[in-house]
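Engineer: Have a look at this one before I ask anything.
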Amino acid sequence: MKKGVTLIELTVCIAIIGVLSAMAVPCIGSMQRSSLDLSTIELLSDIRLCRQKAMDEDSIYHIFFDSVNKDYMIYSYKDMNNCIVKIKKLPNGINFDKSKSSYRNNKISFNAIGKPLPHPCTITLKNSFGQHRSITIAIATDYIGIKNE
């Protein structure tokens, strides 16, 4: 008896692998969407943290967005010293979309009463599939939230 694989067995195996691969591709896209949503929620939480720290400590706090290193930093200046509160790196595949964002000089600042300085703005994140999530900061209402697109 010869040992080996028939053409039919090989074809069936390739078909099974093809079906499994086709089922896995949508899962990868879903994971990227989940990562984008989670990153947006974390950034929203950190923006609110920055505003709260500014109000609690009667100081000006800033969030600096570094699109090259794909991270952001919450900090303030106390007694001429740079006080870093948090540095957060964005997950792989998530980036700042500067073309859809409206903050200036790569940062947002909050004063001691929690107002964004000097203007309202939008921060937009995108994933490698081109999906976007935006966070808006309004001056008149002090609203900070996720804008659905």
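Note that the working numbering gives residue 43 to position 43 of the sequence shown, counting from 1, and the numbers run on in steps of one. Ideal placement from N, C-alpha and C gives every residue a C-beta, glycine not left out.
1) How should Phe96 be labelled, buried or exposed, when 16 other C-beta atoms within 10 angstroms of its C-beta is the threshold for buried?
2) Would you mind listing the beta strand (DSSP E) stretches within the segment 88 to 125 that are 3+ residues and don't spill past its ends, in chain order?
3) Are the beta-carbon atoms belonging to Ile157 and Asp71 less than 8 Å from one another?
4) Going by Cα to Cα distance, which pick from Phe129, Pro91, Met23 and Asn105 is closest to Ile63?
5) First and last residue of the beta strand (DSSP E) that includes Ser76?
6) Between the alpha carbons of Ser102 and Ile144, how many angstroms are there, rounded?
7) Return the CA-CA distance between Ser67 and Leu125, expressed in angstroms with no decimal places.
8) Please report the straight-line C-alpha distance between Cys50 and Lys98, rounded to a whole angstrom.
Structural biologist: If we stick to the structure as given:
1) Your numbering for residue 96 matches position 96 in the sequence shown. So Phe96 counts as buried.
2) Runs of the beta strand (DSSP E) inside the segment 88 to 125: 94 to 96 and 107 to 110.
3) Because residue 157 is not part of the residues shown, which for the chain are 1 to 149, the question remains open.
4) To locate residue 63, count along the sequence shown from 1; it is residue 63. Checked all of Phe129, Pro91, Met23 and Asn105; the closest Cα to Ile63 is Asn105.
5) What you label residue 76 is simply residue 76 of the sequence shown in a count that begins at 1. Asp71 to Lys78 is the span of the beta strand (DSSP E), which, as asked, contains Ser76.
6) Here residue 102 is taken as the residue at index 102 of the sequence shown, counted from 1. Here residue 144 is taken as the residue at index 144 of the sequence shown, counted from 1. Those two C-alpha atoms are separated by around 14 Å.
7) Residue 67 sits at position 67 when you count from the first residue of the sequence shown. Residue 125 sits at position 125 when you count from the first residue of the sequence shown. Taking the straight line joining both Cα atoms gives about 10 Å.
8) Locating residue 50 in the sequence shown gives position 50, where the first residue counts as 1. Locating residue 98 in the sequence shown gives position 98, where the first residue counts as 1. One C-alpha to the other measures close to 21 Å.
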